[in-house]
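**Student:** In UniProt numbering, the protein residues as written are 6 to 517.
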Ligand code: XMP
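Here you go:
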């Protein structure tokens, strides 16, 4: 495996992805915890990420001594290059202007990183983003590529297998970057590149068995892909020592609850408790219209219901969750202050401590698309695995203002038509998430010869890589007119449909 030491770059996660795409397992550890991760993982190579600090500053982050002196192959990127140079006896200068964006490097010499990829004398596009730069190489290093702004764009010390670059190979704007990283992992570190989902599945099953022993595990199903994949994997490991609990808050989409129950009871024969708590949730939501009040009520009630069910089942000491890697990466923050809460995310986070349970989180190392790949590996149906994300608070945050059963039903109908048309048009997989929002606004219309005064429905569809940023999806041709006509004709209570073109930021994907 490869350990990635995070110095706080915005794109450190991409390094992990590129390494795994090369078929090599990798984990990220923040620089101040890197020594522990190093001892635990026993990696065969190290990648040092970029970061916002300046090595010239006294208190800037350093490469831990254990790692620097390990004798393992290392790849330094941007700040990583500067830290290596500084700590190995070279000199880094504070930049006056910096260099940002597209640049071209000239290959001056050969080295293991360029094997089968770059020839001497060739020129390649890379993506630079740095203020400081290396002014004097540390002993043992030689330059192997240069750019107009960076004479030491790539440096190498073949004897110690240490390589470093000023630019970012992990971003797509460095077209050959993934291959450079792959060369580091395979040629320099000598890793075989055979890490796969089948191997991950087998390793995790062994790990779950070792952790759980004869114990009992409870898994909360949300209807989403992550918790379903976690549950199926755990069931494969420990069979009926697992019980799943599906708290149905009545805020699911059309047919969703039946699908989950059918999949678990019918397809997999996994013990499942289906709690119908629609009335409890809708009664509690009555009178609430503030988005945060709605989110907090749903989150707290979800925990109450889940806890009561877990007590009824009794004897479980483990709680399973479908937590993913982006949720657990301990990000390196240089701002120090707490970030602003945009939305209170709904999860069962408070539960393990409150119930004194231990956590089983088999997906902690995976990214969303890797979870989907694991789901397919486990035989989950493609339509289930490929589903768009759905928020924990469900339709409640897609009905601005007060939530009622009637409004949920109207939204469910319209949403189902929208998604059906998206699937018919073959667009479902091109979209990150698509849904309808029922607005608390009524407008005047005319149907037949009669006046109508009904609700407005907004349609939303976005493309995104990780949900952190998003763009409105551009539907082709007359798609939106077709959906609009169907919704107004088929859904009583809606007489006007709009399309939301807001990107994120400044918008968020959900409306509340
Ligand atoms: P926003 O609306 O913040 O959403 O742009 C980003 C992604 O997260 C989903 N989302 C949630 N998922 N619990 C979840 O599990 C929540 O409380 C929650 N709120 C938003 C949203 O659907 C989008 O995919």
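Ideal Cβ placement from N, Cα and C applies to all residues, glycine included.
Since the model is a prediction, treat every value here as computed from it, not as a measurement.
Between the C-alpha atoms of residue 175 and residue 184, what's the straight-line distance to the nearest angstrom?
**Tutor:** Residue numbering aside, residue 175 sits at position 170 when the chain shown is read from its first letter. Residue numbering aside, residue 184 sits at position 179 when the chain shown is read from its first letter. One C-alpha to the other measures close to 10 angstroms.
**Student:** Look at the Cβ atom of residue 171, then the Cβ atom of residue 155, and state whether they are nearer than 8 angstroms.
**Tutor:** For the purposes of this step, residue 171 is taken as the residue at position 166 of the chain shown. For the purposes of this step, residue 155 is taken as the residue at position 150 of the chain shown. Cβ atoms of residue 171 and residue 155: closer than 8 angstroms.
**Student:** What is the chain-ordered set of residues for which the beta carbon lies under 6 angstroms from any non-hydrogen atom of the ligand XMP?
**Tutor:** With the cut-off at 6 angstroms, the residues found are 348, 350, 351, 394, 396, 397, 398, 438, 472, 509, 513, 514 and 515.
**Student:** Could you give the first and the last residue of the continuous alpha helix (DSSP H) run that contains residue 284?
**Tutor:** The residue you call residue 284 lines up with position 279 of the chain shown. First-last of the alpha helix (DSSP H) with residue 284: 283–290.
**Student:** Are the beta-carbon atoms of residue 402 and residue 515 separated by less than 8 angstroms?
**Tutor:** Position 397 of the chain shown holds residue 402. Position 510 of the chain shown holds residue 515. It is a contact, given that the beta carbons lie within the stated cut-off.
**Student:** Let's test the definition: count the other Cβ atoms within 10 Å of the Cβ of residue 253 and tell me whether it reaches 16, buried, or not, exposed.
**Tutor:** Numbered from 1 along the chain shown, position 248 holds the residue referred to as residue 253. So residue 253 ends up on the buried side.
**Student:** Near residue 268, which residues of its chain fall below 6 angstroms by C-beta distance, leaving aside the five closest residues on each side in sequence?
**Tutor:** For the purposes of this step, residue 268 is identified with residue 263 of the chain shown, where counting begins at 1. No residues qualify anywhere along the chain.
**Student:** With distances taken from CA atoms, which of 360, 325, 271 and 303 is nearest residue 313?
**Tutor:** As a position in the chain shown, residue 313 is number 308, starting the count at 1. For residue 313, the nearest C-alpha among the options comes from 360.
**Student:** Report the option in 288, 322 and 22 whose CA atom is closest to the CA atom of residue 470.
**Tutor:** As a working mapping, residue 470 is identified with position 465 in the chain shown. Cα-wise, what sits closest to residue 470 is 22.
**Student:** Between residue 464 and residue 404, is the Cβ-Cβ spacing less than 8 angstroms?
**Tutor:** Mapped onto the chain shown, residue 464 falls at position 459. Mapped onto the chain shown, residue 404 falls at position 399. Not a contact, by the Cβ cut-off of 8 angstroms.
**Student:** Indicate whether the contact test is met: 3 or more Cβ pairs, each with one atom in the segment 122–139 and one in the segment 68–81, closer than 8 angstroms.
**Tutor:** The answer is no - the segment 68–81 does not touch the segment 122–139, with fewer than three Cβ pairs under 8 angstroms.
**Student:** So what's residue 473 in DSSP terms, helix, strand or just coil?
**Tutor:** Walking along the chain shown from the start, residue 473 turns up at place 468. Of the three classes helix, strand and coil, the one that applies to residue 473 here is coil, per DSSP.
**Student:** Could you tell me whether the segment 212–220 touches the segment 286–299, where touching means 3 or more Cβ pairs closer than 8 angstroms?
**Tutor:** Touching, no.
**Student:** Relative to the C-alpha of residue 425, which candidate in 250, 491 and 513 has its C-alpha closest?
**Tutor:** Stepping through the chain shown from its first residue, residue 425 is reached at position 420. Nearest C-alpha to residue 425: 491.
**Student:** On the three-state DSSP scale, how would you describe residue 447?
**Tutor:** Translated into the one-based positions of the chain shown, residue 447 becomes position 442. Strand.
**Student:** Counting only runs of 4+ residues fully inside the segment 124–201, write out the alpha helix (DSSP H) ranges in chain order.
**Tutor:** DSSP runs (the alpha helix (DSSP H)) wholly in the segment 124–201: 182–188.
**Student:** Does the distance from the CB of residue 12 to the CB of residue 58 come in under 8 angstroms?
**Tutor:** Here the question's residue 12 lines up with position 7 in the chain shown. Here the question's residue 58 lines up with position 53 in the chain shown. Their beta carbons are under 8 angstroms apart, which means residue 12 touches residue 58 by this criterion.
**Student:** With a 10 Å radius around its C-beta and 16 neighbouring C-beta atoms as the bar for buried, classify residue 153 as buried or exposed.
**Tutor:** Taking the chain shown and counting its residues from 1, one reaches residue 153 at position 148. Counting Cβ neighbours within 10 Å, residue 153 comes out exposed, since fewer than 16 surround it.
**Student:** Between which residues of its own chain and residue 318 is the CB-CB distance below 6 angstroms, once the five residues before and five after are set aside?
**Tutor:** Position 313 of the chain shown holds residue 318. Excluding residues within five positions, the ones whose Cβ falls inside 6 angstroms are 248.
**Student:** Determine the direct distance from the alpha carbon of residue 162 to that of residue 139, and round the result to whole angstroms.
**Tutor:** Residue 139 sits at position 134 when you count from the first residue of the chain shown. Residue 162 sits at position 157 when you count from the first residue of the chain shown. Using only the alpha carbons, I get a separation of about 15 angstroms.
**Student:** According to DSSP, what are the bridge partners of residue 214?
**Tutor:** Start at 1 with the first residue of the chain shown, and residue 214 comes out as number 209. None; residue 214 has no bridge partner.
**Student:** Given that a residue counts as buried once 16 or more other Cβ atoms are within 10 Å of its Cβ, and exposed if not, what is residue 494?
**Tutor:** Position 489 of the chain shown holds residue 494. It counts as exposed.
**Student:** Put residue 394 into one of helix, strand or coil per three-state DSSP.
**Tutor:** Position 389 of the chain shown, counted from the first residue, corresponds to residue 394. In this structure, residue 394 counts as coil in the three-state DSSP scheme.
**Student:** Return the bridge partner residues of residue 435 from the DSSP annotation.
**Tutor:** Residue numbering aside, residue 435 sits at position 430 when the chain shown is read from its first letter. Its beta-bridge partners do not exist; DSSP assigns none.
**Student:** Short of 7 angstroms in beta carbon distance, which residues of its chain neighbour residue 242, apart from the five on each side in sequence? Order them along the chain.
**Tutor:** As a first step, residue 242 must be located in the chain shown, where it is residue number 237. 210, 213 and 214.
**Student:** Looking only at DSSP bridge pairs, what is residue 51 linked to?
**Tutor:** Translated into the one-based positions of the chain shown, residue 51 becomes position 46. Partner(s): 8 and 79.
**Student:** In chain order, what residues of the same chain have a beta carbon less than 8 angstroms from the beta carbon of residue 389, not counting five sequence neighbours either side?
**Tutor:** On the chain shown, position 384 is the one that residue 389 refers to. Excluding positions up to five away in sequence, the list reads 230, 233, 264, 268 and 380.
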